[in-house]
Amino acid sequence: MRDKTMVQCLKHRNQAWCDKKIGKIFDRFEYRLNKINQAIIKLKYNLILAKLDLYLRAEWINREGYSIIKEDIKYLISKI
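Using my numbering, the first residue of the sequence shown is number -3, and each one after it goes up by one.
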């Protein structure tokens, strides 16, 4: 997509102008996509924590396993 946009821009402007403007546009776009992906990942981790609570109540896992997995997931969430 960046290459197609660059070709279109070069038809009307010079290389330096196109690099500057298109670079900013795509950098902002990429930044927003990364933030959206981070939010989705956090939601999925929180879903895992909710399922983990259900598994503990159903006694499918023991308290020690629950604690280890929960702490690992909380660590992953904190690193996003």
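Note that the Cβ used here is the ideal one computed from N, Cα and C, for glycine as well. Here the structure is a predicted model, which means the values were calculated and not measured.
Near residue i, what residues of its chain come up, given a Cβ to Cβ distance below 7 Å and the 5 sequence neighbours on each side ignored?
i   : result
K66 : L45 and L48
T1  : I18
C14 : M2, C5 and L6
F22 : R(-2)
Would you mind giving the Cβ-Cβ distance between residue i and residue j, rounded to the nearest angstrom? I have them listed as a contact below 8 Å.
i   : j   : result
K16 : I76 : That pair is no contact at about 31 Å.
I69 : Y27 : The Cβ separation is near 26 Å, so there is no contact.
Over what stretch of residues does the alpha helix (DSSP H) that includes residue i continue unbroken?
i   : result
M2  : R(-2) to L6
A54 : No alpha helix (DSSP H) contains A54, which DSSP labels as neither H nor E.
Could you name the residues of the same chain whose beta carbon sits closer than 8 Å to that of residue i, not counting the 5 residues immediately before and after it, in chain order?
i   : result
Y51 : I57 and Y62
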